[in-house]
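Count the sequence shown with the working numbering and you get residues 674 to 821, in order. For glycine and all other residues, C-beta sits at the position ideal for the given N, C-alpha and C. Just so it is clear, the structure is predicted and the values come from calculations on it, not from any experiment.
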Amino acid sequence: MSEVFVLNGPNLGRLGSREPDVYGAADFEALTALCRDTARRLGLHAEVRQTDDEAELISWLHEAADGRIPVVLNPAAFTHYSYAVRDAIAQRTAPLIEVHLSNPAAREEFRHNSVVAGVATGTIAGFGFLSYVLALQAIAELLAESEG
Ligand code: DQA
Numbered sequence: 674m675s676e677v678f679v680l681n682g683p684n685l686g687r688l689g690s691r692e693p694d695v696y697g698a699a700d701f702e703a704l705t706a707l708c709r710d711t712a713r714r715l716g717l718h719a720e721v722r723q724t725d726d727e728a729e730l731i732s733w734l735h736e737a738a739d740g741r742i743p744v745v746l747n748p749a750a751f752t753h754y755s756y757a758v759r760d761a762i763a764q765r766t767a768p769l770i771e772v773h774l775s776n777p778a779a780r781e782e783f784r785h786n787s788v789v790a791g792v793a794t795g796t797i798a799g800f801g802f803l804s805y806v807l808a809l810q811a812i813a814e815l816l817a818e819s820e821g
């Protein structure tokens, strides 16, 4: 079964209590369960991780690059300023989909720019947990295309 990493950056472990008006009432455990179930349905195995630490996130991106593992990535606030995360993504050897729960383009000015979008395969934003489901579907389609 093909593996996919679902990597999450800072503050996403606090879903449920964090700004529920923006991010919803469901917690990170619920997001993890949804990603695992969705992946299983698509014939994939999802390895779901979250960190508040930039170095740890970068080490996971290196692991994905070395293992040719596709990634669904919510870089959270790193999206907007981390050239180090961008440089790690640029080394990818498989599809990487940038996801966001909210629609950053409709929020504060500083969220309008993504420094990682230019090295991602594509971006899905604004659909809450559904953003992750859509990204996993995209990964499954891309893998099927490359295998077929
Ligand atoms: C986010 C959007 C980012 O601007 C923010 O810093 C986050 C979450 C989202 O999923 O909507 O932490 O990536």
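Going by C-alpha positions, Leu816 is about 16 Å away from Val679. The beta carbons of Phe800 and Leu807 sit closer together than 8 Å.
Per the coordinates, the alpha-carbon of Tyr756 lies some 21 Å from the alpha-carbon of Asn776. Under a 10 Å Cβ-count criterion, Pro748 is classified as buried, with 16 or more other Cβ atoms of the shown protein chains found around its own Cβ. Relative to the ligand DQA, the nearest heavy atom lies less than 7 Å away from the CB of Ala750. One alpha carbon belongs to His718, the other to Leu746, and they sit about 15 Å apart. Taking the Cβ atoms as the reference, Val788 lies roughly 7 Å from His753, within the contact range of under 8 Å.
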